[in-house]
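Novice:
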Amino acid sequence: MKWPRFRALRLQQRMVLLFVTLLMTVQLASFYFIRVAIEEIASQTLREELQVGARVFRRLLDQNSQQLVEATSVLTYDFGFREAIATRDRDTILSALRNHASRIRASGMAVVGLDGRVVADTMDEAQTGGAYAFPDLVVQAESQGRASGMRVVGGKPYQVIVVPIRAPLPIAWVAMSFVIDDASARDLKTLASSDVTFIEVSGGAPRVLATTLEPGPRAALERSAAAVIATSAEGSRLMLGGEDTEVLATPIERKGTGNLYSVLQRPVAAGLEPFRALQLVLVLLACLSLAVTALVANRLARRLALPLARLAKAAGEVAKGRYDVAVQANEPARDEIDELALAFRGMTKGLAERDKVRDVLGKVASAAVADELMRGTVELGGEEREATVMFTDIRNFTSLCETLRPQESLALLNDFLTVISEVVEQYRGVVDKYTGDGAMAVFGAPVAEPGDAQRAVEAALEIRRRVLALGPSLAARGLPHPEIGIGLNTARVIAGNIGSSSRLNYTVLGDGVNLASRFEGLTKRYRVPIVVGELTQRGCTGVIFRELDKVRVRGRVEPVRIFEPLQLARDATTRAGRALDTWHAALADYRERRWDRARGLFERLEHEPGYERLAEIYLGYLADVAARQPGPEWDAAFTLFEK
Amino acid sequence: MRAARFPLIALFAVGGVLAASLEVTVRDERGNPVENAVAYATPKGAPAPAGPKRTAAIEQIDKTFVPHVTVVQAGTTVQFPNRDPIRHHVYSFSPAKSFEIKLYAGTPPTPVLFDKPGEVVLGCNIHDNMLAFVLVVETPYFAKTPREGIARLEQLPAGEYDVHVWHPALAAPVPARTVRLRADETAPFPAAVTLKAQPARAPAR
Numbered sequence: 000m001k002w003p004r005f006r007a008l009r010l011q012q013r014m015v016l017l018f019v020t021l022l023m024t025v026q027l028a029s030f031y032f033i034r035v036a037i038e039e040i041a042s043q044t045l046r047e048e049l050q051v052g053a054r055v056f057r058r059l060l061d062q063n064s065q066q067l068v069e070a071t072s073v074l075t076y077d078f079g080f081r082e083a084i085a086t087r088d089r090d091t092i093l094s095a096l097r098n099h100a101s102r103i104r105a106s107g108m109a110v111v112g113l114d115g116r117v118v119a120d121t122m123d124e125a126q127t128g129g130a131y132a133f134p135d136l137v138v139q140a141e142s143q144g145r146a147s148g149m150r151v152v153g154g155k156p157y158q159v160i161v162v163p164i165r166a167p168l169p170i171a172w173v174a175m176s177f178v179i180d181d182a183s184a185r186d187l188k189t190l191a192s193s194d195v196t197f198i199e200v201s202g203g204a205p206r207v208l209a210t211t212l213e214p215g216p217r218a219a220l221e222r223s224a225a226a227v228i229a230t231s232a233e234g235s236r237l238m239l240g241g242e243d244t245e246v247l248a249t250p251i252e253r254k255g256t257g258n259l260y261s262v263l264q265r266p267v268a269a270g271l272e273p274f275r276a277l278q279l280v281l282v283l284l285a286c287l288s289l290a291v292t293a294l295v296a297n298r299l300a301r302r303l304a305l306p307l308a309r310l311a312k313a314a315g316e317v318a319k320g321r322y323d324v325a326v327q328a329n330e331p332a333r334d335e336i337d338e339l340a341l342a343f344r345g346m347t348k349g350l351a352e353r354d355k356v357r358d359v360l361g362k363v364a365s366a367a368v369a370d371e372l373m374r375g376t377v378e379l380g381g382e383e384r385e386a387t388v389m390f391t392d393i394r395n396f397t398s399l400c401e402t403l404r405p406q407e408s409l410a411l412l413n414d415f416l417t418v419i420s421e422v423v424e425q426y427r428g429v430v431d432k433y434t435g436d437g438a439m440a441v442f443g444a445p446v447a448e449p450g451d452a453q454r455a456v457e458a459a460l461e462i463r464r465r466v467l468a469l470g471p472s473l474a475a476r477g478l479p480h481p482e483i484g485i486g487l488n489t490a491r492v493i494a495g496n497i498g499s500s501s502r503l504n505y506t507v508l509g510d511g512v513n514l515a516s517r518f519e520g521l522t523k524r525y526r527v528p529i530v531v532g533e534l535t536q537r538g539c540t541g542v543i544f545r546e547l548d549k550v551r552v553r554g555r556v557e558p559v560r561i562f563e564p565l566q567l568a569r570d571a572t573t574r575a576g577r578a579l580d581t582w583h584a585a586l587a588d589y590r591e592r593r594w595d596r597a598r599g600l601f602e603r604l605e606h607e608p609g610y611e612r613l614a615e616i617y618l619g620y621l622a623d624v625a626a627r628q629p630g631p632e633w634d635a636a637f638t639l640f641e642k
Numbered sequence: 000m001r002a003a004r005f006p007l008i009a010l011f012a013v014g015g016v017l018a019a020s021l022e023v024t025v026r027d028e029r030g031n032p033v034e035n036a037v038a039y040a041t042p043k044g045a046p047a048p049a050g051p052k053r054t055a056a057i058e059q060i061d062k063t064f065v066p067h068v069t070v071v072q073a074g075t076t077v078q079f080p081n082r083d084p085i086r087h088h089v090y091s092f093s094p095a096k097s098f099e100i101k102l103y104a105g106t107p108p109t110p111v112l113f114d115k116p117g118e119v120v121l122g123c124n125i126h127d128n129m130l131a132f133v134l135v136v137e138t139p140y141f142a143k144t145p146r147e148g149i150a151r152l153e154q155l156p157a158g159e160y161d162v163h164v165w166h167p168a169l170a171a172p173v174p175a176r177t178v179r180l181r182a183d184e185t186a187p188f189p190a191a192v193t194l195k196a197q198p199a200r201a202p203a204r
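Protein chains in written order, with numbering that gives the first Met the number 0: chain A, 0 to 642; chain B, 0 to 204.
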């Protein structure tokens, strides 16, 4: 089927094609039916005309014979002629007959005695004395005073007239013969306005005796004469000389030696002639209406398709994110297309606004939170889930900014925050809020994802690396080396939308969050860049941690161990490892109350880079326990009082 | 009628009183009396006596031959007096007597002699409707039927006769019959004839 190709066409072309095809179908159908009807009518008319023609023709023949009868009758009353007949002298009679026949242009003339024997015959002298060939005509003449009939003599049709010679009673019969040849057929043609053919059927094949037809059609008619005669009642169709011809045969004589038929022929084309003009007009009208329809359909389709194409193009632009496309439309809408355009315009506007909101949302919140907010219905309330919360703080930002103008300070801050944001997002965390010169980020909310502690730790290490990397450029501007403090804690938190229904924030809340903030604060005490809680440390693999302390946060009974992630295991060095082992051994001795051994180890580490401050703190702890001999409840935890 | 009277008078003169009569009744196939039929009797064995010198006349009145049928013995001359104000051209092509009297008015100076027995059909060349018959017989004993269809042959000497019946429109010749007549006898002779249907003739022009 050609459907797919049709579908590939443009709407406009398809509409035009559809209209034109529809109209064409209707017109072809109507043209076909009109044509059929016309042919039918023409054929019928032709047939009827021929039948009328046939009746006229018969009448014509009758009148013709009537005239011949009258002429012959008049001739036979000629006294001299009667006298000649009365002589009974054959030669005299014969010559008189020839003379009289020529007077009325008869083909032949014969005298038949009252006994039915031929007295003289100009056409065939040998007939003399024999029985007359057409006694039926004589019988007819006896009863009616005259007789006329078509008879075939020697292969030619004749109109034979038989009248008595009265003196004043009949003394003999005169038979006058008038040949019907092609010439007389032509005479008849002018009167009958049809081609005329005389056909004889006598046993064998029908024979054309006389015709107005050319030799070609004549032969064709002769061949199909039997069929033509068989349908003599209603007529038939024949191809004569390459022309479709209506043919009607009428029997004109069924007596004598053979059956004679007159056949009238009229070309069908002649009958159709008046309808040709009508058909031409119909064709012209059809073409005109087709053209008009095509034109109108084209215009209509253009009016429909053009705005649609424009809208489609505009929609394509919108899909690409360009909302500033102009869509033409009448306002207020005049039709459905205008309505569509206006709706489209409204939609584009809505889309643009939403996109803007989303953009802004993405900037002020985070892409993940914005997505979550956009996706779901935004509602108040939250859920409890495990997440890792990160607090960062630019160390000494205030003093860093002292020499800078406010604009420059802000730019610097933004540099730091950009680094933080980028790394957090890189590790699929969410920047929850900026807190002055720091930021709060969450891993594992709003989208729960396994490995959030690991990612948070790795993100913290990366942030530190990136912040340190800013050092040279700051140094070039005469600024001090930047440092950052990061606190990480993994805990069950409340995550959700907090605020009122008209304005709300997505955030996480809970003790764990506060603890993370505390840990960030502890980085200053221990002079380390990153402090993570025990749960965070446990959620990591492949990271080398240094345990820092056991901290009891105010308001909580259970102390928590805190750690510092040093580096990824794959980056570890043996020297650092040795010091770390010593440190952890010292830490164990201290917690097991092996004070002296612990002190020895801490004193050894006091000069180890990276351990100076820690060793100092623990030597302080040792001095403290030595001063007040702790009881059995001592659990080696440091109680954190400051906020 | 006048023409018929002469021979009867003549018969009286020749035959004397010892004579017979023949009463011929002519009827058609339906029994109707037939007018203008001719009955004549030919004596058997002996030749018929010649009748007295006789003449006859066939007038033309109002484009009609009067009488329509005339019977004469051979040797009779017939006058054709024309009583019409127009001329006539009387003719006959009959073998018994072929003649013509070209357009004439009044009575032609010479009468026509009918000397051969037979049927003579008369016509007028310029009036196709005019028709008359003359039957020429070889006996003085003949008569024509009037409207009643009875022809009386008078003054016939006793003896044997062949009796013939003729009519212009006979479908077939009536065979002659022989009768023996005694003196002073009036013999009835019924004759049935079959006539041709008269062909419809065009009215006089």
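Beta carbons: idealized from backbone N, C-alpha and C, even for Gly.
(1) Since B:Asp127 and A:Arg81 should fall inside the 8 Å C-beta cutoff, what is the C-beta to C-beta distance between them, to a whole number of angstroms?
(2) What does B:Asp61 touch in chain A if you count any residue whose Cβ is under 9 Å from its own?
(3) Please list the terminal residues of the continuous alpha helix (DSSP H) segment that includes A:Asn413.
(4) Going residue by residue through the segment 172-249 of chain A, where are the continuous beta strand (DSSP E) segments of at least 3 residues, counting only ones entirely within it?
(5) To the nearest angstrom, how far is it from the Cα of A:Asp646 to the Cα of A:Ala452?
(6) Pull up the distance between the alpha-carbon of B:Ile125 and that of A:Phe78, whole angstroms please.
(7) If we cut at 8 Å on Cβ distances, does B:Asn124 have a partner in chain A?
(8) State the start and end residues of the unbroken alpha helix (DSSP H) segment that holds B:Lys96.
(9) Tell me whether the beta-carbon of B:Val136 lies closer than 8 Å to the beta-carbon of B:Val70.
(10) From what residue to what residue does the beta strand (DSSP E) around B:Pro156 run?
(11) Name the chain B residues whose beta carbon is nearer than 8 Å to that of A:Arg165?
(12) Among A:Thr535, A:Trp594, A:Ala636, A:Val466, which has the Cα closest to the Cα of A:Lys549?
(13) Assuming contact is defined by CB atoms lying nearer than 8 Å, are A:Tyr610 and A:Ala597 in contact in what I supplied?
(14) Tell me which same chain residues have a C-beta within less than 6 Å of the C-beta of A:Phe396, skipping the five on either side of it?
(15) Between which two residues does the alpha helix (DSSP H) holding B:Tyr39 run?
(16) What does the Cβ neighbour count give for B:Pro167, buried or exposed, with the cut at 16 atoms within 10 Å?
(17) If you draw a straight line from the C-alpha of B:Ala19 to the C-alpha of B:Ala55, how long is it?
(18) Can a CB atom of chain B be found closer than 8 Å to the CB of A:Ala146?
(19) Would you please verify whether the beta carbon of B:Val192 is less than 8 Å from any beta carbon of chain A?
(20) Is the CB of A:Arg81 under 8 Å away from at least one CB in chain B?
(21) Got a sec: is the Cβ-Cβ distance from B:Leu130 to anything in chain E below 8 Å?
(22) So is A:Lys188 buried or exposed if we call it buried at 16+ other beta carbons inside 10 Å?
(23) Label B:Pro202 either buried or exposed according to how many other C-beta atoms from any shown protein chain fall within 10 Å of its C-beta, with 16 as the threshold for buried.
(24) With 8 Å as the threshold, decide whether the Cβ of A:Ile37 is near any Cβ in chain B.
(25) Among B:Leu180, B:Ala131, B:Glu118, which residue has its Cα nearest to the Cα of B:Trp165?
(26) DSSP three-state label for A:Asp451, please.
(27) Restricting to Cα atoms, I'd like to know which of A:Gly202, A:Leu586, A:Leu514 is closest to A:Arg555.
(28) Let me confirm a value: A:Pro528 is counted as buried when at least 16 other C-beta atoms fall within 10 Å, else exposed. Which label applies?
(29) What are the partner residues of B:Asp27, as DSSP defines its beta bridges?
(30) Any Cβ of chain B within less than 8 Å of the Cβ of A:Ile679?
(31) Under 8 Å between C-beta atoms, does A:Ala85 make it to chain B?
(32) To the nearest angstrom, how far is the alpha carbon of A:Arg116 from that of A:Tyr131?
(33) According to a CB-to-CB cut-off of less than 7 Å, which residues of the segment 91-115 of chain B neighbour chain A?
(34) Would you kindly report the start and end of the unbroken alpha helix (DSSP H) that includes A:Ala311?
(35) Starting from A:Gly484, follow its DSSP beta bridges and name the residues at the other end.
(36) Measure the alpha-carbon distance for A:Glu382 versus A:Gly495 and round it to whole angstroms.
Specialist: On the basis of the data shown:
(1) That pair is no contact at about 11 Å.
(2) By Cβ distance, chain A contributes nothing, its closest Cβ being about 17 Å from B:Asp61, past 9 Å.
(3) 405-425
(4) 194-200, 206-210, 235-239
(5) Absent from the model: residue 646 of chain A. The displayed extent of chain A is 0 to 642, so no value can be given.
(6) 9 Å
(7) yes
(8) Where B:Lys96 is concerned, there is no enclosing alpha helix (DSSP H), although the beta strand (DSSP E) it sits in stretches over 96-103.
(9) yes
(10) 149-156
(11) Gly122, Asp127
(12) A:Ala636
(13) no
(14) Asp436
(15) Not the alpha helix (DSSP H): B:Tyr39 falls in the beta strand (DSSP E), residues 37-42.
(16) buried
(17) 25 Å
(18) no
(19) no
(20) yes
(21) Structure shown: chain E not included; protein chains present are A and B.
(22) buried
(23) Note that B:Pro202 has pLDDT 38, beneath the 50 cutoff, so the model's placement of it is unreliable and the number below is only indicative. With fewer than 16 Cβ atoms within 10 Å of its Cβ, B:Pro202 is classed as exposed.
(24) no
(25) B:Glu118
(26) helix
(27) A:Leu514
(28) buried
(29) B:Val192
(30) Because chain A spans 0 through 642 in this model, residue 679 of chain A falls outside it and cannot be assessed.
(31) yes
(32) 5 Å
(33) Phe92, Ser97
(34) 267-318
(35) A:Asp392
(36) 6 Å
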